[in-house]
Structures are given as C-alpha cells and as structure tokens.
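Presented below is the structure to which this report refers.
Numbering (UniProt numbering), first residue to last: 1 to 151.
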C-alpha cells in the first residue's frame with residue numbers, strides 16, 4: 001500500500017521524478033504536452049505523490065478547468081515501481097477528490113503509441129472513454145482526449 005499525499009513540489013525526490021517525466025514527455029511527444037514545474041505550482045492544480053518506505057513511487061495532478069470540470073496532469077510512475085499499482089493509487093485519489101469537489105467530468109489529454117499504451121490502458125480500466133478535444137487541445141494522429149463522466 002502506498003502513502004498518497006499532497007505535494008508542494010519542493011522535495012528533491014518529487015523534483016527528480018517530475019524532471020524524468022518531462023524528459024520522457026519531450027522524447028515521445030510534440031512540444032507543449034506536459035506542464036512544467038511552474039505550470040503545476042499554480043492554485044488551480046493539486047499534485048499528489050505516492051510513497052513507499054521513504055521513496056517516491058509516482059506523481060499525478062488534478063487541474064481545475066472550471067467549477068465542474070478537471071483535467072488529469074503529469075501522471076508518472078517511478079521506473080523502480082512500474083507494474084506495482086502506483087498509477088492506480090494516484091488515479092483513484094484524483095477521481096475521489098474530483099467527486100468530493102462535485103466535479104461533473106474529468107478529462108485528460110495523452111499521446112498515442114507504445115510509450116502511452118500503459119497509460120491508456122489504466123485510464124480505460126477506470127472508465128475513461130475517448131471523446132472530443134477540450135480546452136486548447138486539438139485531436140490529431142498523436143493526441144488522445146479521454147473523459148470520465150462523474151455525474
């Protein structure tokens with residue numbers, strides 16, 4: 001079981017994992033497909049990290065788009081914790097928080113291809129379905145927009 005906690009991005013392990021996330025996103029995505037540190041450190045974004053015996057296992061964030069809609073951002077599992085349920089733990093925390101905040105919908109934008117297949121599988125297992133572009137995103141051969149209706 002992981003210890004999931006809100007994170008202010010100030011810790012060395014958190015910053016290192018977010019740096020890794022950005023490196024991977026830049027390697028496998030067109031520019032502009034990931035929030036950097038400053039984009040995550042805004043009042044409309046809540047960041048969570050998962051911990052196991054003092055080591056960071058994963059990160060994920062919820063960005064409020066409006067009073068009833070949120071966007072999932074910056075999901076990443078540390079390489080030492082792949083396939084151990086970190087993504088599920090973070091995603092379930094985000095979904096539970098969205099429900100507590102009475103959000104109507106959670107959306108996310110992700111890529112396509114082998115590097116993104118594990119994430120797409122995780123989101124689909126939790127009920128996210130493909131849908132229209134939202135916000136400033138545009139659907140294309142790379143971009144996938146998924147949505148989860150919460151009520």
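Note that CB positions come from ideal geometry on N, CA and C, so glycine has one too.
Query, Result
"In angstroms, rounded to a whole number, what distance separates the CA positions of residue 116 and residue 102?", "29 angstroms"
"Identify, in the order they occur along the chain, each residue of the same chain with its Cβ nearer than 8 angstroms to the Cβ of residue 45, setting aside the five sequence neighbours on each side.", "35, 39, 61, 62, 63, 64, 73"
"Is the CB-CB distance between residue 51 and residue 93 below 7 angstroms?", "no"
"Starting from the Cα of residue 114, find the closest Cα among 99, 142, 98 and give me that residue.", "142"
"So, residue 126 versus residue 91, is the Cβ gap smaller than 7 angstroms?", "yes"
"Would you mind reading off the limits of the beta strand (DSSP E) that contains residue 133?", "Neither: residue 133 is in no beta strand (DSSP E) and is coded neither H nor E."
"Thinking C-alpha only, which one of 140, 89, 71 is nearest residue 105?", "71"
"Nearest to residue 7 by alpha carbon, out of 23, 43, 120?", "43"
"In the structure shown, what three-state DSSP assignment does residue 49 receive?", "strand"
"Express the C-alpha separation of residue 124 and residue 75 in angstroms, rounding to a whole number.", "15 angstroms"
"For residue 9, which of helix, strand or coil comes out of DSSP?", "coil"
"Are any of the Cβ atoms in chain C nearer than 7 angstroms to that of residue 24?", "The chain inventory of the structure shown lacks chain C, comprising one protein chain alone."
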